[in-house]
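J.: Got a structure for you, questions after.
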Amino acid sequence: MTIRIVTDSTADLDSTEIAQYGITVVPLMIHFGSESHRAGVDIQTDEFYGRLRDSEILPRTSQPSPAAFQNAYESLRDAAGIVSVHISGKLSGTLNSARAGAELLESAPPIELVDTNSASMGLGFAVLAAARAAAGGADLAAVAAAAREAAGRTRLLMLLDTLEYLQKGGRIGKARAFLGTVLRTKPLLELRDGVIEPLERPRTRQRATERLFDLIVRTPEAAEIVVLHGSAPEEAEALAQRVRETLPGVSVRIGHCSPVLGVHTGPGALGAAILRSGA
Amino acid sequence: MSGELEAAAHGLSGRLLIQAAISAAAWVERNAAALDAINVFPVPDGDTGTNLSLTLRAAASGVAEESGSSDAPSLTEVAAALARAALLGARGNSGVILSQWLRGLAEAVEGADTVDGSALGRALGAAAVSAAGAISNPREGTMVTVAEAVGEAVATVEAGAKPQAVIEKAFAAARVAVAKTPEQMPLLADAGVVDAGGEGLALVLQGMLQGITGEPLPTAPIDAGRIDEAWLSRAEATTSEGRYGFCTEFNVIGNGLEGERLKKALSEVGDSVVVAGSAELLHAHVHTLEPEAAFAAGETYGQVSDRKADDMHEQHTQVRSGTGSAAAVAVVAVAAGDGFAALFQELGATVVDGGHTFNPDAASLLEAARTTGARDVIVLPGHRNVIPAAEQAAALSESARMHVVPTTSMPASVAALLAWGEGARPEETVAEMTNAHQQIVTGAVAHAARTVRAPVPLREGQPFALIEGKPIAGGDSTEHALMMCVEELRARQPQSSLLTLYVGDEPSAETAAAVRAGAGAGLDVEVVVGGQPHYPFIVSLE
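Chains A and B, in that order, are what the protein sequence lines are. Take any residue in the first sequence, count from 1 to its spot, add 10: that is its number in this note's numbering. Take any residue in the second sequence, count from 1 to its spot, add 5: that is its number in this note's numbering.
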């Protein structure tokens with residue numbers, strides 16, 4: 011009897027990691043008009059970005075239903091406990107659904123919910139830390155603590171082509187300060203304490219990518235880096251290569267921005283999730 | 006039907022609850038767009054109405070399916086089926102809260118075949134408790150607050166009261182609670198709206214009431230009485246504060262496009278009209294209350310793409326409610342031309358009009374600095390001639406500490422403003438701005454006021470190119486001078502990626518196209534209407 015890990019589809023984990031640790035991923039929903047898809051289940055990343063570019067309708071996203079969590083937790087009823095690790099409660103209602111789903115259970119193992127204050131691989135790092143702790147035999151409290159501790163060591167940077175999607179999706183937050191000029195800019199943003207903070211607004215993609223590179227390689231004590239992209243694979247590969255050359259001892263790989271995040275970042279997002287080394 | 010109405014006089018049956026649910030779902034669906042339009046909390050993503058409607062529809066169709074086989078399903082069965090279907094179909098935060106509300110209601114009536122008004126009142130109280138449990142940190146002025154007010158209002162109803170009377174009382178209490186939400190949450194007051202989720206719950210109760218009494222629902226939400234009227238006028242008030250509306254932009258693709266005609270058409274629907282581009286591609290900008298009308302105007306000329314409509318009221322509210330740092334550091338920038346003035350303003354600066362001669366006095370800079378109310382004020386002169394006045398103002402200032410970042414062109418001021426980071430200390434901001442404006446080179450095209458021999462020979466009226474304020478050569482035409490200017494800028498700063506062309510009073514689409522063509526590969530070109538006097542073109546390279 012071990013502790014099992016549940017997360018949501020915004021974690022941007024790859025399928026090997028999910029399989030290796032037996033992680034349960036509850037999908038968020040994407041709606042193109044009245045058409046609904048479970049992210050990563052009924053709609054895959056490549057297909058999604060194609061539609062995002064072509065569709066006249068701006069897709070919307072919604073958190074999983076409480077019942078989806080109820081089912082996920084019920085399927086793990088033989089576990090010693092469940093640690094459910096999720097996207098920032100300030101960006102999504104997913105945690106509320108998880109809480110409601112947990113309350114619906116009649117008899118279940120103890121469940122601990124973790125708000126990582128992050129998203130994408132920032133959340134993913136926390137999930138992996140929890141999964142490793144669980145695999146090592148840690149108890150419920152220790153697994154949840156591992157997730158929270160790793161979440162505190164992550165940094166999530168994002169370069170967008172436009173703020174349009176973030177604004178229309180209602181998640182613009184403080185980056186609103188970067189809106190509303192006749193000049194086109196390429197906003198650089200960071201997720202801090204679960205909310206989006208504007209960093210800089212270079213005027214060209216080239217310069218913005220340069221600044222993103224600087225911010226990545228100057229992050230102190232970087233241990234693991236995932237270069238993230240929403241349908242910009244060549245740029246991501248080039249950026250990852252430069253980061254590898256600059257930071258030889260650091261693990262650098264490439265990851266996708268999953269569809270739900272893509273709805274809010276728009277196509278062409280480039281970013282990085284950085285895990286700093288532990289104390 | 007009369008039988009059911011009689012039943013309603015005595016108790017709420019399963020059959021009546023089905024009717025109530027179907028009616029509530031229909032009523033919320035009819036008002037979904039109106040709810041979407043006032044959705045500002047927790048995130049203003051305009052989907053509260055849609056989410057509530059989808060959740061209710063799932064609940065209503067679920068219950069109709071489950072109870073369809075039974076002629077007289079018990080209240081217990083129906084309420085449980087409703088709650089289950091709502092939980093399965095819950096969408097968004099508001100949907101989750103509603104599903105928990107229904108679950109609380111279902112648990113409270115468990116075991117009963119019908120309930121009287123008194124028991125129904127207690128069930129609505131239990132529903133509120135359950136709804137509050139749905140979210141981690143309930144805040145005042147939300148759907149949960151409204152549910153709680155409803156629960157309190159009907160907590161003590163005399164035994165034997167009619168369910169209809171209780172729902173009426175609940176609906177009335179919801180209305181009062183909804184009206185209070187802007188007092189409880191400043192965000193709502195700012196946005197000039199009531200809470201969308203709370204309003205949605207009031208609609209649910211109204212729909213239920215009409216389902217129980219058997220009265221038909223109004224067909225149009227707008228005519229549905231004071232509730233909807235009030236929303237709409239409030240929602241409208243948000244966007245019609247005259248000065249704001251939407252900052253609307255789009256591109257038009259076509260053949261033989263005439264920028265002037267589009268400009269004229271757009272002037273009909275708004276102000277701050279800017280149109281630039283070529284006969285094949287125009288970029289348009291307008292501040293309007295009706296972005297759709299602006300897009301439609303574009304469509305009469307060609308294919309419209311890259312539509313964007315930003316709510317300036319929201320932006321304004323944000324700026325006004327601002328951060329401590331906005332008040333701690335302010336920027337005063339000198340501008341000549343409407344386009345530059347608007348651009349500086351959009352980037353957060355207080356603008357001083359440089360006038361036709363670009364020579365504001367120290368007193369007007371001091372006055373502008375004083376009106377910002379900030380302790381630290383950064384001045385961007387935007388011209389060599391203004392630097393002395395700016396330094397004089399800085400020396401004279403008593404109310405604010407004034408810092409001069411000596412920009413010698415308006416594009417340099419733009420670069421400085423773009424480097425203005427939120428929350429930075431004044432000294433850091435000065436350093437960032439200084440660094441930023443030094444990374445660009447600026448040129449311009451002007452007409453010679455008289456014939457001169459030095460530094461370059463020019464005839465009176467001849468167009469000539471300047472780099473960083475110094476004449477470099479005369480041209481055969483303004484376009485020729487512009488191309489010389491661009492070439493010289495490229496030679497001085499070969500490692501550049503962006504060329505910005507600020508056009509003066511009379512923008513020419515052909516010129517913009519020529520610059521795009523002549524700029525060469527690897528260089529982005531952006532055309533902005535600066536509206537500056539004297540200089541048909543100002544160009545910056547960075």
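Backbone N, C-alpha and C define an ideal beta-carbon position, used for all residues, glycine too.
Count the other CB atoms within 10 Å of the CB of V382 of chain B; is the residue buried (16 or more) or exposed (fewer)?
T.: With 16 or more other Cβ atoms within 10 Å, it is buried.
J.: Is the shortest distance between the beta-carbon of V270 of chain A and the beta-carbons of chain B less than 7 Å?
T.: So, not an interface residue.
J.: Is the beta carbon of L271 of chain B less than 7 Å from the beta carbon of A302 of chain B?
T.: Cβ distance < 7 Å, so L271 of chain B and A302 of chain B count as in contact.
J.: Among the residues of its own chain, which have a CB less than 6 Å from the CB of M415 of chain B, if the five just before and after it don't count?
T.: Only F345, G387 meet the Cβ criterion.
J.: Alpha helix (DSSP H) containing D56 of chain A: first to last residue?
T.: Note, D56 of chain A: alpha helix (DSSP H), 55–64.
J.: Any C-beta of chain A sitting closer than 7 Å to the C-beta of Q500 of chain B?
T.: no
J.: Determine the direct distance from the alpha carbon of D118 of chain B to that of T81 of chain B, and round the result to whole angstroms.
T.: The C-alpha of D118 of chain B is placed about 6 Å away from the C-alpha of T81 of chain B.
J.: Taking 7 Å as the threshold (C-beta atoms), are P74 of chain A and I40 of chain A in contact?
T.: no
J.: List, in order along the chain, the chain A residues whose C-beta lies closer than 7 Å to that of V101 of chain B?
T.: P76, G103, N106, S107, A110
J.: Residues of chain A with CB closer than 7 Å to the CB of D52 of chain B, please, in chain order.
T.: Residues of chain A whose Cβ lies closer than 7 Å to the Cβ of D52 of chain B are, in chain order, R70.
J.: Would you identify the three-state DSSP class for P296 of chain B, choosing helix, strand or coil?
T.: helix
J.: Quick check on the DSSP output: the alpha helix (DSSP H) that includes S46 of chain A runs from which residue to which?
T.: Note, S46 of chain A: premise wrong, no alpha helix (DSSP H); beta strand (DSSP E) at 45–48.
J.: If contacts are defined as beta-carbon pairs under 8 Å, then D22 of chain A and H96 of chain A qualify, I think. What distance do you get, rounded to the angstrom?
T.: Wrong, their Cβ atoms sit about 13 Å apart, outside the cutoff.
J.: Exposed or buried, which one is E531 of chain B when buried takes at least 16 other CB atoms within 10 Å?
T.: By the 16-neighbour rule on beta-carbons within 10 angstroms, E531 of chain B is buried.
J.: Cβ closer than 8 Å: which chain A residues qualify as neighbours of L206 of chain B?
T.: In chain order: nothing, as chain A lies at least about 16 Å away.
J.: When the Cα atoms are used, what is the spatial distance from A64 of chain B to G205 of chain B?
T.: 15 Å
J.: Among residues of its own chain, excluding the 5 on either side of R87 of chain A, which ones have a beta-carbon nearer than 7 Å to its beta-carbon?
T.: Excluding sequence neighbours, R87 of chain A sits near A118, P119.
J.: Cβ of R63 of chain A less than 7 Å from any chain B Cβ?
T.: no
J.: From what residue to what residue does the alpha helix (DSSP H) around D24 of chain A run?
T.: For D24 of chain A, there is no enclosing alpha helix (DSSP H), as DSSP marks it with neither H nor E.
J.: Count Cβ pairs between the region 270–285 of chain A and the region 168–183 of chain B that sit closer than 8 Å; are there 3 or more?
T.: no
J.: Residue range of the beta strand (DSSP E) that E163 of chain B falls in?
T.: Neither: E163 of chain B is in no beta strand (DSSP E) and is coded neither H nor E.
J.: Would you call the CB atoms of F176 of chain B and L214 of chain B closer than 7 Å?
T.: yes
J.: I'd like to know if S330 of chain B contacts chain A, where contact means its C-beta is closer than 7 Å to some C-beta of that chain.
T.: No answer about S330 of chain B holds up, because its pLDDT of 34 lies below 50 and its placement is not dependable.
J.: Are any of the Cβ atoms in chain B nearer than 7 Å to that of G278 of chain A?
T.: no
J.: With a Cβ-Cβ cutoff of 7 Å, do A347 of chain B and L370 of chain B count as a contact?
T.: For A347 of chain B and L370 of chain B, no; Cβs fall outside 7 Å.
J.: Verify the CB distance criterion: does G97 of chain B have a CB-CB separation below 7 Å to chain A?
T.: Cβ-Cβ to chain A under 7 Å: yes for G97 of chain B.
J.: For the candidate residues A:T12, A:L199, A:V273, whose alpha-carbon lies nearest to that of E207 of chain A?
T.: A:L199
J.: What is the DSSP secondary structure of Q80 of chain A, counted as helix, strand or coil?
T.: helix
J.: Going by the CB atoms, is the gap between N56 of chain B and G97 of chain B shorter than 7 Å?
T.: yes
J.: Contact check, R14 of chain A vs I92 of chain A under 8 Å by CB: the rounded distance?
T.: 5 Å
J.: According to the Cβ coordinates, are V450 of chain B and F542 of chain B closer than 7 Å?
T.: yes
J.: May I have the straight-line CA-CA distance separating V237 of chain A from V260 of chain A, to the nearest angstrom?
T.: 12 Å
J.: Indicate whether at least one CB of chain A lies closer than 7 Å to the CB of H361 of chain B.
T.: no
J.: Do the region 166–176 of chain A and the region 139–151 of chain A meet, that is, are 3 or more Cβ pairs less than 8 Å apart?
T.: no
J.: Over the uninterrupted alpha helix (DSSP H) stretch that includes Y175 of chain A, give me the two end residues.
T.: 174–178
J.: Excluding sequence positions up to five away, which residues of its chain have a Cβ less than 6 Å from the Cβ of H442 of chain B?
T.: T412, A417, A420, A421
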